[in-house]
């Protein structure tokens, strides 16, 4: 017979998030009352350093457990940049 005091373990949350996005050539402007984020220009410079250009499709894979973000080109796009 089963134990009536059985406590099941909680379900594990999905620790990974995957996002697909298109890089834009224009910067995001903060809304009124939002602080200026100077790190955005640093991120744009690193995207260019790693070979990403505005208009490229990228995949962001976010691992919440290890706090890592992996950025890869989206292989699904039909035409690749030369």
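Numbering (the numbering used here), first residue to last: 1 to 82. Note that CB positions come from ideal geometry on N, CA and C, so glycine has one too. Treat the numbers as computed from the prediction; the structure is a model and nothing was measured.
Range covered by the beta strand (DSSP E) that runs through residue i
{"i": "residue 16", "result": "16 to 22"}
{"i": "residue 61", "result": "57 to 63"}
Cα-Cα separation between residue i and residue j, rounded to whole angstroms
{"i": "residue 55", "j": "residue 25", "result": "7 Å"}
{"i": "residue 72", "j": "residue 59", "result": "5 Å"}
{"i": "residue 43", "j": "residue 68", "result": "15 Å"}
{"i": "residue 46", "j": "residue 11", "result": "37 Å"}
Which listed residue (the options) has its alpha carbon closest to that of residue i
{"i": "residue 63", "options": "17, 43, 22, 46", "result": "17"}
{"i": "residue 74", "options": "21, 8, 11, 12", "result": "21"}
{"i": "residue 57", "options": "7, 42, 19", "result": "19"}
{"i": "residue 61", "options": "45, 49, 14", "result": "14"}
{"i": "residue 50", "options": "33, 66, 70, 31", "result": "70"}
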